[in-house]
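A.B. asks: Protein chains in written order, with our numbering: chain A, 12 to 179; chain B, 2 to 447.
Just so it is clear, CB atoms sit at the ideal spot from N, CA and C, and this is done for glycine as well.
The structure follows.
Dropping the structure here:
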């Protein structure tokens, strides 16, 4: 997806869901972004990434604010929501490395920084998963956490859009 | 065949020292999949060296048994996220040969075209992101990007060209879904392909600059007398067609692969080692293809290689980074040629009627020769499958390279020596995920 594919660019906000639909809790990022898309907040662009994250660098540099939702495995209770604002912070390689065969989210972030293709604001939401084995069922608490995150993110975005429109 | 000896020994001509030194790379970085290297030395003598592939076996050949022939391209594509087209092409070729199907020139060209996309994306990824940091003494591509952002930006744009080509023809860039036995499920209109011409021409020019750049790298002084193996076609730089040839005189039909090469199980690896039945290890990949098929390259690719100092006498595996860059240029030119002459075929595929038979397929994956064989019954059900990926073929060569490479460099600090060993492994762009599709399982009963 490129920004020009979208009709309404006024919000300059992108939400990215990352995950594998067939690895149980790893699907939570995809689930969240699909639900957000159904709610069709005006001017919010959404995108799903299932495997190769390298396209993120071209994509997110076009936006003022980017929110990424991904499953995470840090040892916390399933359903715990981690919110990480990326300014100078680095992302943990271990927690966000979902595959040994592709470039991890943390590497994409650092590479974007290095080649100056970084969005002005980037927030990562990591939803703690428990079961990353094959399957299409999310663990108890994981889906509910995604729903809580969707509700709070929608509120946040509505406020942000109103602010942007007010400034315009 | 099973090799009981897991360790290999190499003694240097230097004075013997009794100190014991070990190199352990527990998790190799910048390779596809999970592997490790263990080297044990006593004085100047290597007492044990294993390039260990511990990624779990994946049993793809067993999955294929009992499945319908039409499922094979989609199942085998899952073996690798980097080179799914290679698996689809070797599989379709083998099954079409079994059923006596000959695809028309347009379908054949489209298959070369989607394969060019895979070569571009895979080669660029390896040259810039995985191998270049070794030569420039960076820990990884991220550290390299901090000092050379424009180089990395260029690489990402080049890679995207290959990915886009695969998406247009394959439906998606990872595990494409449009390839089928007899052709494609659907083929694009000409305008969808011509839309990519400007970017392909930009990538072609970038590939020329890449060749010049790789020629400036500092290459270790290291050569071995390899047996190079590749497909060969008299008119085209072989990607999906040709005979099997080596620089040691082999020239046979692909159906004779197993008459000359055999896979061996070794205790330290989940990947089988493929060797020539009489001469042992051999070398597949971009350098082998360049050496054996130089005459079939485009004039621009030949000229760029000459300027870079790469010739058909090359025995230095570190220069595979130049060969990969030359093939990137070739793949761009070949893609441009195919797109400019493309006419959308009336039918996207040939009708397929199964018959009981055995079929053979070989194509040149980015990392080297990929062999498939299928035995199929009258209903089109797969009775047996055999897949020999390039990394399994290069694995023994990688170990032998290290046996020769390490003794001359024992004076180096351990961290630097370890780094150079990893670099030597990455010469082959090993795809460990591809190589672990099979494990020989033996159960003993009392």
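Is the Cβ of residue 151 of chain A closer than 9 Å to any Cβ of chain B?
C.D. replies: Not one chain B Cβ lies under 9 Å of residue 151 of chain A.
A.B. asks: Please classify residue 128 of chain A: does DSSP put it in a helix, a strand, or coil?
C.D. replies: Reduced to three states, the DSSP call for residue 128 of chain A is coil.
A.B. asks: Please report the residue range of the beta strand (DSSP E) in which residue 58 of chain A lies.
C.D. replies: Start and end: 55-60.
A.B. asks: Contact check, residue 316 of chain B vs residue 227 of chain B under 8 Å by CB: the rounded distance?
C.D. replies: The Cβ separation is near 6 Å, so the contact holds.
A.B. asks: Which runs of the beta strand (DSSP E) fall wholly inside the stretch 310-397 of chain B and span at least 3 residues, in chain order?
C.D. replies: For the stretch 310-397 of chain B, whole beta strand (DSSP E) runs of length 3 or above, ordered along the chain, are 358-366, 369-377, 383-389.
A.B. asks: Cβ of residue 213 of chain B less than 9 Å from any chain A Cβ?
C.D. replies: No, because no Cβ of chain A sits closer than 9 Å to the Cβ of residue 213 of chain B.
A.B. asks: By the three-class DSSP mapping on this structure, what secondary structure does residue 449 of chain B have?
C.D. replies: Because chain B is modelled from 2 through 447, residue 449 of chain B falls outside the range shown and cannot be assessed.
A.B. asks: Are the C-beta of residue 82 of chain B and some C-beta of chain A separated by less than 9 Å?
C.D. replies: Closer than 9 Å: yes.
A.B. asks: Determine which residues of the stretch 127-160 of chain A have a Cβ less than 9 Å from any Cβ of chain B, and write them out in chain order.
C.D. replies: Those would be 127, 128, in chain order.
A.B. asks: Just the C-alpha distance for residue 249 of chain B and residue 206 of chain B, rounded to the nearest angstrom, thanks.
C.D. replies: Residue 249 of chain B and residue 206 of chain B: Cα-Cα distance of roughly 35 Å.
A.B. asks: Given that a residue counts as buried once 16 or more other Cβ atoms are within 10 Å of its Cβ, and exposed if not, what is residue 23 of chain A?
C.D. replies: Residue 23 of chain A is buried by the Cβ-count criterion.
A.B. asks: If you pair each beta-carbon of the stretch 285-300 of chain B with each one of the stretch 213-232 of chain B, do three or more pairs fall below 8 Å?
C.D. replies: Because the criterion of three Cβ pairs below 8 Å is met, the stretch 285-300 of chain B and the stretch 213-232 of chain B touch.
A.B. asks: Taking residue 103 of chain B as part of the beta strand (DSSP E), name the residues at either end of that continuous run.
C.D. replies: Run containing residue 103 of chain B: none; DSSP gives neither H nor E here.
A.B. asks: Can you look up residue 109 of chain A in the DSSP assignment and give me helix, strand or coil?
C.D. replies: The pLDDT assigned to residue 109 of chain A is 48, lower than 50, so where the model puts this residue is not dependable; a value taken from the coordinates is nonetheless given after this. DSSP places residue 109 of chain A in coil when its eight states are reduced to three.
A.B. asks: Compute the distance between the beta-carbons of residue 308 of chain B and residue 212 of chain B, then report whether it is under 9 Å.
C.D. replies: A contact, by the Cβ cut-off of 9 Å.
A.B. asks: For residue 70 of chain A, does the three-state DSSP call read helix, strand or coil?
C.D. replies: Looking at residue 70 of chain A - three-state DSSP - the assignment turns out to be helix.
A.B. asks: With 9 Å as the threshold, decide whether the Cβ of residue 75 of chain B is near any Cβ in chain A.
C.D. replies: False, the Cβ-Cβ gap to chain A never drops below 9 Å.
A.B. asks: Cβ of residue 241 of chain B within 9 Å of Cβ of residue 365 of chain B?
C.D. replies: Closer than 9 Å, so yes.
A.B. asks: What's the call for residue 145 of chain A, buried or exposed, on a 16-neighbour Cβ count within 10 Å?
C.D. replies: So residue 145 of chain A counts as exposed.
A.B. asks: Tell me, please, which residues DSSP counts as bridged to residue 276 of chain B.
C.D. replies: For residue 276 of chain B, which the question treats as bridged, DSSP gives the partners B:263.
A.B. asks: Among B:79, B:52, B:164, B:427, which residue has its Cα nearest to the Cα of residue 60 of chain B?
C.D. replies: When only C-alpha atoms are compared, the closest one is B:79.
A.B. asks: Between which residues of its own chain and residue 193 of chain B is the CB-CB distance below 7 Å, once the five residues before and five after are set aside?
C.D. replies: Cβ neighbours of residue 193 of chain B beyond the five flanking positions: 169.
A.B. asks: If we count the other Cβ atoms within 10 Å of its Cβ and call it buried at 16 or more, is residue 413 of chain B buried or exposed?
C.D. replies: The residue in question, residue 413 of chain B, is exposed, as its Cβ has fewer than 16 Cβ neighbours within 10 Å.
A.B. asks: Report all residues from its chain with a CB closer than 8 Å to the CB of residue 97 of chain A; omit the five preceding and five following residues, and keep chain order.
C.D. replies: Result list for residue 97 of chain A: 120, 133, 134, 135, in chain order.
A.B. asks: What residues from chain A crowd round residue 153 of chain B, counting only those whose CB sits closer than 8 Å?
C.D. replies: 122, 125, 126, listed in chain order.
A.B. asks: Would you mind giving the Cβ-Cβ distance between residue 360 of chain B and residue 96 of chain B, rounded to the nearest angstrom? I have them listed as a contact below 8 Å.
C.D. replies: Yes, they are in contact, since the Cβ atoms of residue 360 of chain B and residue 96 of chain B sit about 5 Å apart, within 8 Å.
A.B. asks: Going by beta carbon distance, what residues of the same chain come within less than 8 Å of residue 160 of chain A, once the five residues before and after it are set aside?
C.D. replies: Here the set comprises 43, 80, 92, 136, 138.
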